[in-house]
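Peer 1:
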Amino acid sequence: MSGLLSSSLARKYAMALSAFFLMFFLLQHFAINVTSIFSADTFNELSHFMGTNPLIQYALQPVLLFGVVFHFAMGFVLEFKNRNARKVSYAKNNGGANSTWMSRNMIYSGLVILAFMGLHFYDFWIPELTTKYIQGDMSGLLANGEGFRYFEELQHKFLNPVRVGVYVLAFVFLALHLLHGFNAAFQSVGANNKYTKGLKTFGKAYAILIPLGFIIIALYHHFYH
Amino acid sequence: MDLILKIWRQKGSNDKGQMVEYNVTDISEHMSFLEMMDVLNEQLVAKDEEPVAFDHDCREGICGMCSMYINGEAHGPDRGITTCQLHMRTFNDGDTITIEPFRANAFPVIKDLVVDRMAFERIQQAGGFISVNTSGNTQDANAIPISKHAADEAMDAATCIGCGACVASCKNSSAMLFVSAKVSQYALLPQGQVEATDRVLNMVKQMDEESFGNCTNTGACEVECPKGISLENIARMNREYLVASLKG
Numbered sequence: 001m002s003g004l005l006s007s008s009l010a011r012k013y014a015m016a017l018s019a020f021f022l023m024f025f026l027l028q029h030f031a032i033n034v035t036s037i038f039s040a041d042t043f044n045e046l047s048h049f050m051g052t053n054p055l056i057q058y059a060l061q062p063v064l065l066f067g068v069v070f071h072f073a074m075g076f077v078l079e080f081k082n083r084n085a086r087k088v089s090y091a092k093n094n095g096g097a098n099s100t101w102m103s104r105n106m107i108y109s110g111l112v113i114l115a116f117m118g119l120h121f122y123d124f125w126i127p128e129l130t131t132k133y134i135q136g137d138m139s140g141l142l143a144n145g146e147g148f149r150y151f152e153e154l155q156h157k158f159l160n161p162v163r164v165g166v167y168v169l170a171f172v173f174l175a176l177h178l179l180h181g182f183n184a185a186f187q188s189v190g191a192n193n194k195y196t197k198g199l200k201t202f203g204k205a206y207a208i209l210i211p212l213g214f215i216i217i218a219l220y221h222h223f224y225h
Numbered sequence: 226m227d228l229i230l231k232i233w234r235q236k237g238s239n240d241k242g243q244m245v246e247y248n249v250t251d252i253s254e255h256m257s258f259l260e261m262m263d264v265l266n267e268q269l270v271a272k273d274e275e276p277v278a279f280d281h282d283c284r285e286g287i288c289g290m291c292s293m294y295i296n297g298e299a300h301g302p303d304r305g306i307t308t309c310q311l312h313m314r315t316f317n318d319g320d321t322i323t324i325e326p327f328r329a330n331a332f333p334v335i336k337d338l339v340v341d342r343m344a345f346e347r348i349q350q351a352g353g354f355i356s357v358n359t360s361g362n363t364q365d366a367n368a369i370p371i372s373k374h375a376a377d378e379a380m381d382a383a384t385c386i387g388c389g390a391c392v393a394s395c396k397n398s399s400a401m402l403f404v405s406a407k408v409s410q411y412a413l414l415p416q417g418q419v420e421a422t423d424r425v426l427n428m429v430k431q432m433d434e435e436s437f438g439n440c441t442n443t444g445a446c447e448v449e450c451p452k453g454i455s456l457e458n459i460a461r462m463n464r465e466y467l468v469a470s471l472k473g
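Chain order of the listed sequences is X and A. First residue of the first sequence: 1, per this note's numbering; consecutive thereafter. First residue of the second sequence: 226, per this note's numbering; consecutive thereafter.
Next up, the structure:
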C-alpha cells in the first residue's frame with residue numbers, strides 16, 4: 001500500500017481522480033447555468049437549492065474546494081519535479097514533432113484557469129458567502145423582496161464587456177486544458193482498451209462543447225440582458 | 226553534401242560542456258548518420274583535433290546504443306528508427322544539424338554524446354526477469370498454451386531495446402514507457418504471473434529512485450520510440466501497479 005501514497009504512479013492516480021471529480025462538477029455547473037438562457041425561474045430555483053441545501057453546502061462544497069486546491073497543488077508539485085528531472089535542457093528541442101501543444105503546456109493553461117477562478121470567486125463565490133454566512137441572509141431574495149436575486153446578479157456581472165472577454169478567454173484555455181486532460185486522466189488510471197477510441201472522441205467533444213457552452217451563456221447575458 | 230554540425234562537446238562527466246560548430250564535407254546521401262559521424266571524426270583526427278565520442282554497436286537498429294538527439298528529436302526526424310538507421314538523404318546540402326546527447330538527470334553525460342544508461346539496467350535488475358529453474362528439468366515453454374493475442378502483445382512489448390529515446394523525448398524525462406514495456410512483456414504471459422506483484426512494485430520503486438520524472442501522458446515517447454512501443458503498456462502498468470499495491 002505504501003506505494004499508493006508516495007510513488008510517481010500514485011501522483012498520476014491522484015491527478016486523474018481529482019480531474020474526474022472536477023470534470024463531473026464542471027458538467028453539473030454547466031447544466032445549471034444553461035437553464036439561465038431558457039428560464040430565469042428555473043435558474044433561480046436551482047441556484048437557491050444549490051446555495052442552501054445543507055448536504056451541498058456543508059459536505060460537497062468542502063470536497064469541491066479540496067479537489068480544486070489539491071489538483072492545482074499537485075499540478076505545481078509535478079511540474080516542479082518534472083522540470084528538475086532534466087537540469088541541463090536541450091539547445092534544440094522539437095516538441096511539436098511528437099506531442100500536442102496542449103499536452104506540453106498544461107501548467108500554463110492551468111495557471112490561466114487558476115487566475116480565472118480568482119476572478120470567478122471574487123465575482124460570485126465570496127459575495128455569496130458574505131450574503132449567506134456573514135450577513136445571515138439565507139432567503140436568496142432581492143433587496144426589495146421581489147423574487148430571487150440569483151438571475152439578476154448573473155446578468156449584472158456580465159454587463160461589463162471586459163469581464164465577458166476575460167471569461168471567454170479563460171474558457172478557451174479551459175478547453176485547451178481539457179483537450180489533453182480528459183483522455184490523459186483515463187490513461188492514468190489504466191483505461192486503454194477497445195473503448196479508448198470512442199472515449200477520445202467523447203473527450204474531445206466534452207472539452208470543446210462544455211467551455212463553448214459557458215462562453216455562449218456569458219455572451220448571451222451580455223447581449224440580451 | 227557539405228553540412229554544418231552543432232555538436233555538444235563535453236570532456237568528462239564533471240566538465241560543463243558546450244555546443245561546438247563543425248563543417249563536414251564530402252558526405253554521401255547514402256551514408257547512415259553514424260557513418261557521417263565517422264567521416265567527421267576522420268576529418269577531425271586529420272586536423273589533429275579530438276574526435277567526437279558517441280555510442281554505437283550493432284548499427285542495424287537492434288542494440289539501442291546510438292543515442293543522439295538530432296535537430297530536437299531522439300534519433301532524428303524519421304519515425305521507427307534508431308540513429309544508425311537514419312540516412313543522410315533525410316537532410317539537404319548545406320543544412321545545419323544540431324546533435325546533443327540524450328538529456329536527463331538519470332542519464333548523466335560520460336563524454337560528448339555518450340550517456341550512462343545504467344539506470345535502465347538497475348530497473349531491470351529490480352524485477353525485469355522471471356525465475357526459471359534451468360537445472361535441465363525446465364518445462365518446454367511451448368507446452369504452456371498462450372493465446373495468439375497475448376503472445377503478440379507480449380512480443381510487441383519485448384521489442385523494447387532500452388535505448389532511452391522515450392526518456393530523452395519526454396518533457397518530464399519520464400521512464401514509464403520503458404518500464405511499462407518490461408512489466409508488460411511478463412504480465413501478459415503465464416510465466417510472468419508468479420512474480421507479477423513484486424515485479425511491478427519493485428521496478429516502479431527503482432524507477433522513482435533513479436530520479437526520472439513523472440509521466441503526464443504527452444505521448445512523445447510513443448512517437449519517438451524506434452520500436453513503436455505503445456502507450457497501452459503504460460496504461461497496463463498503471464493497472465498492474467494499482468492491483469499490486471492493494472494486494473501487497
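Heads up, the beta-carbon is just placed ideally off N, CA and C, and yes, glycines get one too.
Let me know the secondary structure DSSP gives R234(A) once reduced to three states.
Peer 2: Here R234(A) sits in strand by DSSP.
Peer 1: State whether the segment 459-470 of chain A contacts the segment 408-415 of chain A, with contact taken as three or more CB pairs (one from each stretch) at a distance under 8 Å.
Peer 2: The answer is yes - the segment 408-415 of chain A touches the segment 459-470 of chain A, with three or more Cβ pairs under 8 Å.
Peer 1: List, in chain order, every chain X residue whose beta-carbon is nearer than 7 Å to that of G438(A).
Peer 2: Residues of chain X passing the Cβ test: K81, N82, A85.
Peer 1: Is there a Cβ from chain A that is less than 7 Å from the Cβ of S39(X)?
Peer 2: Answer no: the Cβ-Cβ gap between S39(X) and chain A never drops below 7 Å.
Peer 1: Using 7 Å as the limit for Cβ to Cβ distance, is K407(A) near chain X?
Peer 2: No, its Cβ sits nowhere closer than 7 Å to a Cβ of chain X.
Peer 1: L426(A): which of T441(A), N439(A), K472(A), C395(A) sits nearest, CA to CA?
Peer 2: It is K472(A) whose Cα lies nearest to the Cα of L426(A).
Peer 1: Cα separation between D137(X) and A143(X)?
Peer 2: Rounded to whole angstroms, D137(X) to A143(X) spans 10 Å at the Cα level.
Peer 1: Just the C-alpha distance for I232(A) and E346(A), rounded to the nearest angstrom, thanks.
Peer 2: Rounded to whole angstroms, I232(A) to E346(A) spans 27 Å at the Cα level.
Peer 1: Out of L17(X), A218(X), S7(X), N105(X), which has the shortest C-alpha to C-alpha gap to H120(X)?
Peer 2: H120(X) has its Cα closest to that of A218(X), out of L17(X), A218(X), S7(X), N105(X).
Peer 1: For C291(A), is the classification buried or exposed, using 16 other Cβ atoms within 10 angstroms of its Cβ as the cut-off for buried?
Peer 2: C291(A) should be labelled buried.
Peer 1: Can you tell which of V68(X), E45(X), I134(X), L5(X) has its C-alpha closest to the C-alpha of A19(X)?
Peer 2: Considering only alpha carbons, the answer is V68(X).
Peer 1: Which residues does DSSP pair with P326(A) in a beta bridge?
Peer 2: Looking at the DSSP assignment, P326(A) forms a beta bridge with M293(A).
Peer 1: If you scan the segment 355-389 of chain A from start to end, which runs of the alpha helix (DSSP H) of 4 or more residues do you find wholly inside it?
Peer 2: Fully enclosed alpha helix (DSSP H) runs of 4 or longer: 373-383.
Peer 1: Roughly how many angstroms lie between the CA atoms of I208(X) and I369(A), to the nearest whole one?
Peer 2: If I take the Cα positions, the gap works out to 49 Å.
Peer 1: Could you say which of R104(X), F223(X), Y195(X), G190(X) lies nearest to H156(X) if we only look at CA atoms?
Peer 2: That would be F223(X), whose Cα lies nearest to the Cα of H156(X).
Peer 1: Does the pairing of the segment 169-189 of chain X with the segment 139-153 of chain X give three or more beta-carbon distances under 8 Å?
Peer 2: Taking 8 Å as the limit for Cβ pairs, the verdict is that the segment 139-153 of chain X does not touch the segment 169-189 of chain X.
Peer 1: Could you work out which residues of chain A lie near L174(X), taking near to mean beta carbons separated by less than 9 Å?
Peer 2: Ordered by position in chain A, no residue passes the 9 Å Cβ test against L174(X), which lies about 18 Å from the chain.
Peer 1: Where does K272(A) fall in DSSP's three states?
Peer 2: Three-state DSSP puts K272(A) in coil, outside helix and strand.
Peer 1: How many Å lie between T384(A) and G297(A) at the Cα?
Peer 2: Roughly 24 Å separates the two Cα atoms.
Peer 1: Shortest alpha-carbon distance to H180(X) belongs to which of A16(X), E153(X), L114(X)?
Peer 2: Comparing Cα positions, the closest option is A16(X).
Peer 1: For the structure I just gave you, are there three or more beta carbon pairs, one from the segment 161-170 of chain X and one from the segment 88-102 of chain X, closer than 8 Å?
Peer 2: The segment 161-170 of chain X, when compared against the segment 88-102 of chain X, does not touch it at the 8 Å Cβ threshold.
Peer 1: Going by C-alpha distance, which of V277(A), K336(A), S398(A) is nearest Y90(X)?
Peer 2: Ranking V277(A), K336(A), S398(A) by Cα distance to Y90(X) puts S398(A) first.
Peer 1: Does the segment 239-246 of chain A come close enough to the segment 44-59 of chain X that 3 or more CB-CB pairs lie under 8 Å?
Peer 2: No, they do not touch.
Peer 1: Report the three-state DSSP secondary structure of A85(X) (helix, strand or coil).
Peer 2: It is coil, neither helix nor strand.
Peer 1: In chain X, what lies closer than 7 Å to M244(A) by C-beta?
Peer 2: What M244(A) touches in chain X: A91.
Peer 1: Does DSSP put K452(A) in a helix, a strand or coil?
Peer 2: Correct three-state label for K452(A): coil.
Peer 1: Could you give the C-beta distance for G110(X) and F151(X), rounded to a whole number, given that I count them as a contact under 8 Å?
Peer 2: With 8 Å as the limit, G110(X) and F151(X) do not qualify as a contact, their Cβ atoms being about 31 Å apart.
Peer 1: Judging by CA-CA distance, which residue of S394(A), D227(A), D341(A), A344(A) is the nearest neighbour of N442(A)?
Peer 2: For the residues S394(A), D227(A), D341(A), A344(A), the minimum Cα distance to N442(A) belongs to S394(A).
Peer 1: If I measure Cβ to Cβ from F30(X) and keep anything under 7 Å in the same chain, skipping five residues before and after, which residues do I get?
Peer 2: Around F30(X): I210, G213, F214.
Peer 1: Whole-angstrom Cβ separation of I252(A) and M261(A), contact assumed at under 8 Å?
Peer 2: So it is a contact: roughly 5 Å between Cβ atoms.
Peer 1: Is it buried or exposed, V357(A), if we count other Cβ atoms within 10 angstroms and call 16 or more buried?
Peer 2: Exposed, by the Cβ-count rule.
Peer 1: Alpha carbon to alpha carbon, how far is I454(A) from T250(A)? Give it in angstroms, no decimals.
Peer 2: Taking the straight line from one Cα to the other gives about 36 Å.
Peer 1: Terminal residues of the continuous beta strand (DSSP E) containing I348(A)?
Peer 2: That residue, I348(A), is in no beta strand (DSSP E); its alpha helix (DSSP H) goes 343-352.
Peer 1: Since R391(A) contacts C450(A) with CB under 8 Å, what's their CB separation in whole angstroms?
Peer 2: According to the sequence as given, residue 391(A) is Cys; it is not Arg. Correct: roughly 6 Å between the Cβ atoms.
Peer 1: Are there 16 or more other CB atoms within 10 angstroms of the CB of V339(A), so buried, or fewer, so exposed?
Peer 2: V339(A) comes out buried.
Peer 1: Can you find a CB in chain X that lies within less than 7 Å of the CB of E457(A)?
Peer 2: Interface residue, yes.
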